[in-house]
Amino acid sequence: MSNVGDKARASDLRRLLNVGYGNLVSAERVVAVISPHSSPMRRLREEASKEGRLLDATQGRRTRSILVTDSNHVVLSAINPETISARLLDHAGEEGGD
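To convert, take the position in the sequence shown, counting from 1, and add 520; that gives this note's numbering.
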């Protein structure tokens with residue numbers, strides 16, 4: 521019986537996206553992965569912070585990418601957008617193989 525629970529937990533973990541330094545986000549909820557260097561992205565970060573929608577997963581490091589979720593939360597990551605994109609594509613490939 522515990523094997524069924526183990527498979528369910530493993531399936532849930534596959535749906536989590538590593539955004540760096542032990543921080544995980546639901547891969548299914550990510551709408552966009554954006555570079556943080558433009559003025560509109562700085563405003564997006566400031567507005568999300570004011571509204572309590574900002575999640576800082578950088579662990580004090582420089583922000584290299586911004587993830588936007590379907591719930592309109594903004595996640596800051598110290599991982600490059602290309603790396604996160606590759607991880608998202610890996611998740612999509614795993615789901616298709618089930």
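Beta carbons are placed, not taken as given, at the ideal position from N, Cα and C, and that holds for glycine.
- With 16 or more neighbouring CB atoms inside 10 Å of its own CB, residue 543 falls in the buried class.
- About 7 Å separates the CB atoms of residue 547 and residue 536; that is less than 8 Å, so the two are in contact.
- Closest in C-alpha terms to residue 562, from the list 596, 591, 545 and 579, comes 596.
- When secondary structure is reduced to three states using DSSP, residue 610 falls in the helix class.
- Taking the Cα of residue 540 as reference, the smallest distance to any Cα among 571, 593 and 601 is reached at 601.
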